[in-house]
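Novice: Residue numbering for the sequence shown is 47 to 264, as defined by this note's numbering. Note that CB positions come from ideal geometry on N, CA and C, so glycine has one too.
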Amino acid sequence: MDIPALLKIASRGALDRPVELSSSRLATDLGISQQTAARRLKALEEAGLITREVLPRGQTIRITSRGREELARIYSSLTEVFGEMPSTFSICGVVTSGIGDGGYYMGMEEYKRQFQEKLGFDPFPGTLNMKLRSAEDIRARQELLKLEGIEIEGFKKDGRTFGSVKCFKADIEGVEGAVIVPERTHHSADTIELIAPEKIRERCQVGDGDRLCVKIMR
47 MDIPALLKIA SRGALDRPVE LSSSRLATDL GISQQTAARR LKALEEAGLI TREVLPRGQT
107 IRITSRGREE LARIYSSLTE VFGEMPSTFS ICGVVTSGIG DGGYYMGMEE YKRQFQEKLG
167 FDPFPGTLNM KLRSAEDIRA RQELLKLEGI EIEGFKKDGR TFGSVKCFKA DIEGVEGAVI
227 VPERTHHSAD TIELIAPEKI RERCQVGDGD RLCVKIMR
């Protein structure tokens, strides 16, 4: 993987939106020829790390979810080398709608009982999804996966198997809650799920597209 080129593209804001970036501009940034820069952009695109759109005035580039994950993985590796994560840290993102299955699972007695016992609150029957925008926030989510957390055990019911859930107590802008990481999830590495005793959207007065930050306890 071409880490220097991907990092340079990210530094120009392509993690959050498509940015105009020519191969000649990238060549200047990296100190290489335009032909080499063009080849490296093509290789990143073929690897699924960026997308490109050709416009009359040039081209726009955006880093894909896979590219985000690769950058976050690198960030995580460097963190392991230079120091561990603090005991508390923040993750920020934007509120986004899910497919609506959170309420079903949160309402199951087998899960509810454990949430009450292990987290100390009865969660609102639903989860709030938060889309992470920066490589640092995605990296922080990946670090969560390495930690022990508070485990909500899975179970079997009516011939179905329901997976375990890893939880981390969190302060959601003044609201007691938790980040949950289900064993089985359809979410990508740039999304986290939040639970709380109250409906977070109403308590924090947020809707889709609004920025939200959570302070997580390891």
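1) What residue range does the beta strand (DSSP E) around Phe208 cover?
2) I need the DSSP call for Glu217, collapsed to helix, strand or coil.
3) Answer with buried or exposed for Cys213, where buried requires no fewer than 16 other C-beta atoms within 10 angstroms of its C-beta.
4) Write down the C-beta distance between Leu117 and Ala186 rounded to the nearest angstrom, noting that I regard them as a contact closer than 8 Å.
5) By the three-class DSSP mapping on this structure, what secondary structure does Gly104 have?
6) I'd like to know whether the C-beta atoms of Pro243 and Glu222 end up nearer to each other than 9 Å.
7) Could you give the first and the last residue of the continuous alpha helix (DSSP H) run that contains Leu258?
8) Kindly provide the ranges of any beta strand (DSSP E) runs that are 3 or more residues long and lie completely inside the segment 159-204, ordered along the chain.
9) Is DSSP giving Glu229 helix, strand or coil here?
10) Just grab the DSSP bridge partners of Gly59 for me.
11) Indicate the three-state DSSP secondary structure (helix, strand or coil) for Leu76 in the structure shown.
12) Count the other CB atoms within 10 Å of the CB of Val127; is the residue buried (16 or more) or exposed (fewer)?
Specialist: On the basis of the supplied data:
1) Arg206 to Phe208
2) In the sequence as presented, Glu is not what sits at residue 217; that position holds Asp. Residue state, collapsed to three classes: strand.
3) buried
4) Contact doesn't hold; Cβ gap of about 13 Å is too wide.
5) strand
6) Using a Cβ distance threshold of 9 Å, Pro243 and Glu222 count as a contacting pair.
7) Note, Leu258: premise wrong, no alpha helix (DSSP H); beta strand (DSSP E) at Arg257 to Met263.
8) 174-178, 196-198 and 201-203
9) coil
10) In DSSP, Gly59 forms no bridge with anything.
11) helix
12) Classification of Val127: exposed, given that the 10 Å Cβ count is below 16.
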